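First the structure, in the form of structure tokens, and then the observations on it.
2 protein chains.
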Amino acid sequence: MTIDRTKILLDTTKRLLRRGATAHLHKIVNKTHAADLAAAFQFLTSSEQRAVFDHIEDVEQKAMLFSELDEGLLLAFIEDMPAEQIAEILEHMPNDDVADLLGKLSDDRAKTLLDLMTREGSEEVEGLLGYDAETAGGIMLPDFIALKEETTAGEAIKALQRDYADTEMPFYLYVVNDHDNLVGVISLRQLVVVPPDTTLKSIMTTDVVSVQTDTDQEEVAKIVARYNILAVPVVDENNTLVGIVTVDDVVDIIREEATEDILKMAGAGEGFAESQSLLKNTRSRLPWLLASWVGGVIAFVVVAHFQGSLSRLIYLAAFIPAIMAMSGNIGTQSSTIVVRGLATGRLSVKQIGEVVLKELATGLLLGLVYGLLLGLVVQWRYEMWPFAMTVGFAVVGSMTVAALAGSLLPMVFARIHIDPAVATGPFVTTFVDVAGVFLYFQIATWLLGA
Amino acid sequence: MTIDRTKILLDTTKRLLRRGATAHLHKIVNKTHAADLAAAFQFLTSSEQRAVFDHIEDVEQKAMLFSELDEGLLLAFIEDMPAEQIAEILEHMPNDDVADLLGKLSDDRAKTLLDLMTREGSEEVEGLLGYDAETAGGIMLPDFIALKEETTAGEAIKALQRDYADTEMPFYLYVVNDHDNLVGVISLRQLVVVPPDTTLKSIMTTDVVSVQTDTDQEEVAKIVARYNILAVPVVDENNTLVGIVTVDDVVDIIREEATEDILKMAGAGEGFAESQSLLKNTRSRLPWLLASWVGGVIAFVVVAHFQGSLSRLIYLAAFIPAIMAMSGNIGTQSSTIVVRGLATGRLSVKQIGEVVLKELATGLLLGLVYGLLLGLVVQWRYEMWPFAMTVGFAVVGSMTVAALAGSLLPMVFARIHIDPAVATGPFVTTFVDVAGVFLYFQIATWLLGA
Numbered sequence: 007m008t009i010d011r012t013k014i015l016l017d018t019t020k021r022l023l024r025r026g027a028t029a030h031l032h033k034i035v036n037k038t039h040a041a042d043l044a045a046a047f048q049f050l051t052s053s054e055q056r057a058v059f060d061h062i063e064d065v066e067q068k069a070m071l072f073s074e075l076d077e078g079l080l081l082a083f084i085e086d087m088p089a090e091q092i093a094e095i096l097e098h099m100p101n102d103d104v105a106d107l108l109g110k111l112s113d114d115r116a117k118t119l120l121d122l123m124t125r126e127g128s129e130e131v132e133g134l135l136g137y138d139a140e141t142a143g144g145i146m147l148p149d150f151i152a153l154k155e156e157t158t159a160g161e162a163i164k165a166l167q168r169d170y171a172d173t174e175m176p177f178y179l180y181v182v183n184d185h186d187n188l189v190g191v192i193s194l195r196q197l198v199v200v201p202p203d204t205t206l207k208s209i210m211t212t213d214v215v216s217v218q219t220d221t222d223q224e225e226v227a228k229i230v231a232r233y234n235i236l237a238v239p240v241v242d243e244n245n246t247l248v249g250i251v252t253v254d255d256v257v258d259i260i261r262e263e264a265t266e267d268i269l270k271m272a273g274a275g276e277g278f279a280e281s282q283s284l285l286k287n288t289r290s291r292l293p294w295l296l297a298s299w300v301g302g303v304i305a306f307v308v309v310a311h312f313q314g315s316l317s318r319l320i321y322l323a324a325f326i327p328a329i330m331a332m333s334g335n336i337g338t339q340s341s342t343i344v345v346r347g348l349a350t351g352r353l354s355v356k357q358i359g360e361v362v363l364k365e366l367a368t369g370l371l372l373g374l375v376y377g378l379l380l381g382l383v384v385q386w387r388y389e390m391w392p393f394a395m396t397v398g399f400a401v402v403g404s405m406t407v408a409a410l411a412g413s414l415l416p417m418v419f420a421r422i423h424i425d426p427a428v429a430t431g432p433f434v435t436t437f438v439d440v441a442g443v444f445l446y447f448q449i450a451t452w453l454l455g456a
Numbered sequence: 007m008t009i010d011r012t013k014i015l016l017d018t019t020k021r022l023l024r025r026g027a028t029a030h031l032h033k034i035v036n037k038t039h040a041a042d043l044a045a046a047f048q049f050l051t052s053s054e055q056r057a058v059f060d061h062i063e064d065v066e067q068k069a070m071l072f073s074e075l076d077e078g079l080l081l082a083f084i085e086d087m088p089a090e091q092i093a094e095i096l097e098h099m100p101n102d103d104v105a106d107l108l109g110k111l112s113d114d115r116a117k118t119l120l121d122l123m124t125r126e127g128s129e130e131v132e133g134l135l136g137y138d139a140e141t142a143g144g145i146m147l148p149d150f151i152a153l154k155e156e157t158t159a160g161e162a163i164k165a166l167q168r169d170y171a172d173t174e175m176p177f178y179l180y181v182v183n184d185h186d187n188l189v190g191v192i193s194l195r196q197l198v199v200v201p202p203d204t205t206l207k208s209i210m211t212t213d214v215v216s217v218q219t220d221t222d223q224e225e226v227a228k229i230v231a232r233y234n235i236l237a238v239p240v241v242d243e244n245n246t247l248v249g250i251v252t253v254d255d256v257v258d259i260i261r262e263e264a265t266e267d268i269l270k271m272a273g274a275g276e277g278f279a280e281s282q283s284l285l286k287n288t289r290s291r292l293p294w295l296l297a298s299w300v301g302g303v304i305a306f307v308v309v310a311h312f313q314g315s316l317s318r319l320i321y322l323a324a325f326i327p328a329i330m331a332m333s334g335n336i337g338t339q340s341s342t343i344v345v346r347g348l349a350t351g352r353l354s355v356k357q358i359g360e361v362v363l364k365e366l367a368t369g370l371l372l373g374l375v376y377g378l379l380l381g382l383v384v385q386w387r388y389e390m391w392p393f394a395m396t397v398g399f400a401v402v403g404s405m406t407v408a409a410l411a412g413s414l415l416p417m418v419f420a421r422i423h424i425d426p427a428v429a430t431g432p433f434v435t436t437f438v439d440v441a442g443v444f445l446y447f448q449i450a451t452w453l454l455g456a
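As you go down the protein sequences, you meet chains A and B in turn.
All residue numbers for the first sequence refer to our numbering, where the first residue is 7 and numbers rise by one.
All residue numbers for the second sequence refer to our numbering, where the first residue is 7 and numbers rise by one.
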């Protein structure tokens, strides 16, 4: 449905632009949700983007579009825009989004834009720019509702109407003591169902889940997901409340982190390659391929080392692809299961023995199945038992070793605090390729004579 | 932090259980958040789980623990539990979670439990059981706040206190007409900031994003993520409001779907293999490996076909691993980028030409780099230009073809409505393995003589 909706919007927009049906286009652009415009934007050419954008009347709508756009797209879009126009839109965006954007611009350009913004907004944004973009500090909203313990429910509702009309997600009210330390939380729902003279202190929950400004955003997402909360308060080193991270940002983080993990595991760069230039795309994929290249060269040395066996039985070579494919495949399965299990918290490094043993057993079982099948093919074709046994045992051995390496390596990386999603792929692939070829020729030497 | 907290809780629990420090354990279990207990539960043996569970006093806490536990774990845990005890806990769980659980039990057992539950709860659950578990109907909560257009803000707040005290997420109030059709939405926040005699009709937003009962849960998650809303209303075919899907469930869906996609792409089954039995795990990974096996057998036929070239230059075999590793790797990169791009909506099947062309160019560029490097290794070792060129060109050709297949196949699968995450892996791997080996020997035949 969302995809369909984007397609319809896109087709209509392109048709109206082609026909120059300005009035009609103007109407559509201004009644469409900014999130839908953003989804369609990436499929428009830059001149079409500009034309659509110029039709938007409301600066709030422009600001929402900016907030929803992909970072790369937004950066390209504002490149030639006058600073005054950008600054006016930034004023209407949530401060965390502004800080994200400015953090990606050159220092000069960021400073120009900050200078053009009103004092209040720019100060908040500057505060956020001090935090690492991928921590709670970097993603928090500095607007939240903080009231004292002695405030009554009735006063709180009045304060909500008077002082917090612009707060983005006023579903929780935080309670602070005289030093602005976070001491409790109340949901808006609790507030409306108690008598107006009840003090916040008497109804607040004191066991508040909070995060520090330097907590990693992935950790923040896990906390929001685990406790099913709509926002988590962020405190600084003095336990002073400085912001909140809301669930809608958490949803985005979870999607982004999952995508990053998937791409990292495949060695395909961390960001979305399709929005990058050809050269950048190529460069980000070079290093991972280097691991395969090195593995290939080592495998060549191994094969060359066994030239004796190979020259006597030239058909040995014909089963190299099968052995590599089977062991590579099961190695990827094992490492994917473990890397994802660690990322989602379903697996802990403490379970290393149990997990590796189970993968080893799985590898052995699957190796027996496919080793037998491939051995039978060899026997049927060549009618030569030692050769069939060589291929069969090589499949069993290489698949078992691949399942072992695929599960053990990410566990070890996690234990020594190296991101298993990045490190596992190249190491497992290279190791599995070389080990498979080596085992095959070693078994051949034993069974078929040196 | 969450991981650390789980570890501390786990260590403490195990220590207290060993020592038989019942009183202390009792205290800890009852003051710990059910979500934390659930996280620790999977690392306990079943007798430890039972001991911890028996310490929980509050049935609400037991119900929250059930809701938070992994499905497989929960099913194992309740297997030997008396039906009366389970039914009592189910009464306190959200109805969507109860429906999920009952859907996984045998019909007999589900019926027994439903009969033991009070009428009101069991009727709601039975309603939910009529929907597919992975649709909006299967994940929605049937408790929501629905009021008529003429209701005033003051009356609405009274209704909230009186009739909706148990509603789980009362952040939006939905407005319905006399036929219970959804006509508008108001946030709780809007409600408290307007004068009490304002009618809902005059302040409600009429442009309500909603989903149908049969909308796929992944689509529901996309909508909640796109519009940054905390809950999306679910309507039936008559536009009658029947439930809501809340953002906390969406967070879980996004995590699960990402995990499923990652595991599917690696052919490692759809669920979490580490909680499955060894045989189930092995069985779920068999089919994908079959693709590699078939690829390996076809590659063997190809190599056997080129026995002439191979017997003349036995060292050709030594570079099979390098060519397979390089082309397999880039094929995985390309397909991962495209599959994930399609899953997140960043890529559309309409962009097929553009995407494939870009991957083709990337494959060619990377192929030139690594082909040159590998060719130089060959020349340095064997001082034989035609051989070096054979290996070099084979790398260029097989990597280009792999990038082409890796990007084209998922696009084609998506267009003909086959899940690209499932289908891409086996087809790309098999094709790339065979094509690489074929190209290599074909080029060898040309350059080194037939």
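Note that beta-carbon positions come from the ideal geometry of N, C-alpha and C, so glycine has one too.
Predicted, not measured: the structure shown is a model, and the values here were computed from it.
Nearest candidate by alpha-carbon position, reference residue i, set the options
i	options	result
E155/A	F177/A, A427/A, A116/A and N187/A	N187/A
A89/A	I62/A, T118/A and H61/A	T118/A
R352/A	A29/A, R232/A and T124/A	R232/A
V407/A	G373/A, F419/A and V383/A	G373/A
G301/B	L380/A, I92/A, Q313/A and D17/A	L380/A
A328/B	V251/A, F325/A, A69/A and S298/A	S298/A
T252/A	G143/A, N287/A and H185/A	G143/A
Q167/A	P100/B, V200/B, Q385/B and H30/B	V200/B
K207/B	V217/B, L153/B, N244/B and V241/B	L153/B
L81/A	S52/A, N101/A and G359/A	S52/A
A237/B	D220/B, V214/B, N244/B and E243/B	V214/B
T288/A	L147/B, A409/B and H30/B	A409/B
V401/B	K164/B, L378/B and P416/B	L378/B
I84/A	A116/A, T18/A, N101/A and S333/A	A116/A
Y170/A	E161/A, F150/A, G398/A and N183/A	F150/A
Endpoints, alpha helix (DSSP H) assigned at residue i
i	result
L206/B	L206 to I209
T288/A	L284 to H311
D439/B	P426 to L454
R168/A	A159 to R168
H61/B	S52 to H61
Check whether residue i and residue j have beta carbons under 7 Å apart
i	j	result
Q339/A	G337/B	no
A41/B	E74/B	yes
L414/A	V362/A	yes
V181/B	M210/B	yes
A450/A	S315/A	yes
D439/B	A29/A	no
Residue(s) in a DSSP beta bridge with residue i
i	result
Y180/B	A152/B and V191/B
D113/A	None, per the DSSP bridge assignment.
V241/B	Q218/B and L247/B
L363/A	Its beta-bridge partners do not exist; DSSP assigns none.
L147/B	I250/B
Contact with chain D by residue i, beta-carbon distance below 7 Å
i	result
S52/A	The chain inventory of the structure shown lacks chain D, comprising the protein chains A and B.
Host beta strand (DSSP E) of residue i (start-end)
i	result
I250/A	L247 to T252
For residue i, the three-state DSSP class (helix, strand or coil)
i	result
L236/A	coil
L108/A	helix
T38/B	coil
V217/B	strand
T18/A	helix
T141/B	strand
L319/B	coil
M7/B	Its pLDDT being 43, under 50, M7/B is placed unreliably in this model, and the value from its coordinates should be taken loosely. The answer is coil: DSSP assigns M7/B none of H, G, I, E or B.
L75/A	coil
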